[in-house]
Amino acid sequence: MMGWLSGWAKRRQITIDHNYIDESLTDFPVLLHLSASSGINSANLTSIFDEVGSNYKKIAVTTSDGVTQCYVEVEKWNATAEEAWLWVKVPSISNTTDTTLYIYYDNTQSNNTAYIGDPGETPAQNVWDDNFKLVTHMRDDPDSSHIRDSTSYANNGTKKAAGEPVVTTSGMIDDAQDFDGEDDYVNCGNDVSLQMKEIITVEVLFKADDLTDHDALVVKTNIKQLAQGWGIEYYGGNLRFWVTHWNAEGDGGVARKTFSDTTSWHYVVGTYDKNAGSNEVNIYIDAVAGTPGSSNVDIKDADKYDVLVGQGFQNFFDGMIDEIRISDIVRSPAWVKATYETERDDLLTWGSEETSGGQTYEINVDAVVEASAAKSLQTTFNIEKDAAVTSQAVKASESTFNISKEAVVQALTTKILETVYNIPKDAVVKALTDLSFELGIPVEAIVKTSASPNLESTFIIQKDALVQALADVIIEKVAGAVIEIFKDAVVQAQADFSLKSVFNVEKDVTVEALTSLDM
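The sequence shown begins at 768 in our numbering and counts up one residue at a time.
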């Protein structure tokens, strides 16, 4: 049975396409872009803003069970423009089947402060696993002189000066820093959490306006010599990731990939694993691997220099940088690919809005349901083979009961406008009570009792059906009630009190009693 987060009024299903996932991923940060055109299917999600407005903590995101909540970082929420960017920690993503999430939204709820947070708040920090040592969305925060680290390590960046670089809303994921190529930089410091020597992953989302040798996206090095540490920079027609570059012992390694574009956004990743055995240094551009390099020593002087964004050896970067992440593990090619897809909003498909009044109960083979009650506009019960259902009650505008072969249903009760019972061959139904408009009983169904006081009823009893009792009390004077009894059907008793009744009884049908008190 699919769960519903208790008390929440509305939700949408989110589907992660497994075709973009090359291996199973754990605790992966997925971007939810909420707008008038979101995801693979360009879904209009503005109804979320219509419900909660600027109260963005009145949302929740759950795993596929509909009730287990995920941590969410709200990078930006613009209620006026009806657009937002949220990062969600997804516990597990499969590479063989699609992964389902749900986003709930309800303005009557209290703020969901346990799971929804702004950058720097605990729920937001929990989005990023412990291996992330720096994650910055390159927004001005808390002021125009600083950027914030979203992890708990607080490796926040300090700009050269207020507005240098200047923040722009033209980033790929909303805000970014626009570096002028002259003297702009951001210094993220040299905290011990950033002093990786053997294993590291560096990720950058950027758009270059111009490319000159030694334009650096991010480095941790002696910028006067470019001889120690590590860095991602442009040089000689390539983007390259290097570690311990050009030291006297010749221990440095460089991975490179051809690059020349100054028109579009790109995602570059550098990884180093001293103990990999070969191809220890790697680079990816838009999830496509470049030419690896080799090095099997500690990154030299990794504990001496600050992490600098936009400034390197000789030159400053000219362009926009939107996202930077540094980890103390090697992120796998599958992780890199999924990050590339989620950052460009090409990983998710969005479902339509659901309400707590539109629920689906799926009861599978051999399932036992003691009781299920729903008061809603529309309810569907799917009862599979060998399922045993003790009791189900529903008060709704429309209900459908699908009861498969060999299912045993002891009682189904519904008080609604329209009800359809689909009872296949060999199903055993001990009682069906319907205060509604329509009732259908297919081939070889065994119905012990069926009573229907309503405006209009139709009983369709097909070949070999055994019906012990059918009672129809029609309160209003209506055009007619029709009972069709097919060949070989056995009907022990039928009563119909109405303005007009029609009994269609075919050849070889045994009817023990038919009672009609008509006008």
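We treat Cβ as the ideally placed atom computed from N, Cα and C, and that holds for glycine.
Bear in mind the structure is a predicted one, so any value in this text is a computation, not a measurement.
*Identify the continuous alpha helix (DSSP H) that holds Gln836 and give its terminal residues.*
The residue you call residue 836 lines up with position 69 of the sequence shown. Gln836 -> no alpha helix (DSSP H), and no H or E assigned at all.
_Could you check whether Thr968 and Asn1074 sit closer than 8 Å to each other, using their CB atoms as the reference points?_
Stepping through the sequence shown from its first residue, residue 1074 is reached at position 307. Stepping through the sequence shown from its first residue, residue 968 is reached at position 201. Note on identity: in this sequence residue 1074 is Val, with Asn being the wrong assignment. The beta carbons of Val1074 and Thr968 sit no closer together than 8 Å.
*So Asp958 and Asn922 are in contact, right, with Cβ under 8 Å, and what is the actual spacing, rounded?*
Along the sequence shown, read from residue 1 onward, the residue named residue 958 stands at position 191. Along the sequence shown, read from residue 1 onward, the residue named residue 922 stands at position 155. Going by Cβ atoms, the distance from Asp958 to Asn922 rounds to 5 Å, so yes, they are a contact pair.
*Run through DSSP, which three-state label would Tyr1107 get?*
Within the sequence shown, numbered from 1, the residue matching residue 1107 stands at position 340. Tyr1107 falls in the helix class under three-state DSSP.
*Would you be able to state if there are at least three C-beta pairs under 8 Å between the segment 977 to 989 and the segment 934 to 942?*
Result no; under three Cβ-Cβ pairs closer than 8 Å.
*To which residues does DSSP link Asn845 through a beta bridge?*
Here residue 845 corresponds to residue number 78 of the sequence shown, with the count starting at 1. Glu850, per the DSSP bridge assignment.
_If we define contact as Cβ-Cβ less than 8 Å, is Gly806 a contact residue for chain D?_
Judged by its chain identifiers, the structure shown contains no chain D, having just a single protein chain.
*Under 8 Å between the Cβ atoms of Asp1068 and Gln995?*
Taking the first residue of the sequence shown as 1, we reach residue 1068 at position 301. Taking the first residue of the sequence shown as 1, we reach residue 995 at position 228. The answer is yes: Cβ separation under 8 Å.
_Residues that DSSP places opposite Leu792 in a beta bridge_ = Within the sequence shown, residue 792 is the residue found at index 25, counting from 1. Per DSSP, Ile860.
*Alpha carbon to alpha carbon, what distance is there between Glu849 and Ser804?*
Numbered from its first residue, the sequence shown carries residue 804 at position 37. Numbered from its first residue, the sequence shown carries residue 849 at position 82. Spanning the two alpha carbons is a distance of roughly 11 Å.
*Considering only the beta carbon of each residue, do Ala810 and Trp775 sit closer than 8 Å?*
Here residue 810 refers to the residue found at position 43 when the sequence shown is read from its first residue. Here residue 775 refers to the residue found at position 8 when the sequence shown is read from its first residue. No.
_Reference Ser911, options Val934, Arg778, Asp897, Thr1109, closest by Cα_ = Looking up residue 911 in the sequence shown gives position 144. Taking only the C-alpha atoms, the option nearest Ser911 is Val934.
*Cross-strand partners of Phe1008 (DSSP beta bridge)*: What you label residue 1008 is simply residue 241 of the sequence shown in a count that begins at 1. Per DSSP, Ile999, Ala1022.
*Assign Ile940 to one of three DSSP states: helix, strand, or coil.*
Residue 940 sits at position 173 when you count from the first residue of the sequence shown. Note: Ile940 maps to coil in three-state DSSP.
_If I follow the unbroken alpha helix (DSSP H) through Ser819, where does it start and stop?_
By one-based count along the sequence shown, residue 819 stands at place 52. Before going further, note that residue 819 is Val rather than Ser in the sequence given. First-last of the alpha helix (DSSP H) with Val819: 813 to 819.
*asked:* Counting C-beta neighbours from all protein chains within 10 Å, is the total for Gln1078 16 or more, i.e. buried, or is it exposed?
replied: On the sequence shown, position 311 is the one that residue 1078 refers to. A buried status is given to Gln1078, since no fewer than 16 other beta-carbon atoms sit within 10 Å of its beta-carbon.
*For Tyr1051, which residues of its own chain have a beta-carbon under 6 Å away from its beta-carbon, when the five flanking residues on both sides are left out?*
The residue given as residue 1051 occupies position 284 in the sequence shown. Result list for Tyr1051: Val1036, Val1103, in chain order.
*How is the beta strand (DSSP E) around Thr903 delimited, first residue to last?*
In the sequence shown, the residue the question calls residue 903 occupies position 136. First-last of the beta strand (DSSP E) with Thr903: 899 to 903.
*Using DSSP with H/G/I as helix, E/B as strand and the rest coil, what is Ser1045?*
For this step, residue 1045 is matched to residue 278 along the sequence shown. In the three-state reduction of the DSSP assignment, Ser1045 falls in the coil class.
_Is it buried or exposed, Lys1071, if we count other Cβ atoms within 10 angstroms and call 16 or more buried?_
As a working note, residue 1071 is residue 304 in the sequence shown. Of the residues assessed, Lys1071 falls on the exposed side of the cut-off, its CB having fewer than 16 other CB atoms within 10 angstroms.
*In this structure, what does DSSP give as the bridge partners for Gly1060?*
Here the question's residue 1060 lines up with position 293 in the sequence shown. In DSSP, Gly1060 forms a bridge with Val1048.
*At least 3 beta-carbon pairs within less than 8 Å: the segment 890 to 902 vs the segment 944 to 963*: Three or more Cβ pairs closer than 8 Å define a contact, and the segment 890 to 902 meets that threshold against the segment 944 to 963.
_Considering Cα atoms alone, identify which of Glu790, Gly1057, Ser814, Val841 is closest to Thr1122._
Mapped onto the sequence shown, residue 1122 falls at position 355. Answer by Cα proximity: Ser814.
*Helix, strand or coil at Ser877 [DSSP, three-state]*: Locating residue 877 in the sequence shown gives position 110, where the first residue counts as 1. Here Ser877 sits in coil by DSSP.
_Closest to Ala891 by C-alpha separation, out of Glu840, Glu790, Gly930, would be which residue?_
To locate residue 891, count along the sequence shown from 1; it is residue 124. Nearest option by C-alpha distance: Glu840.
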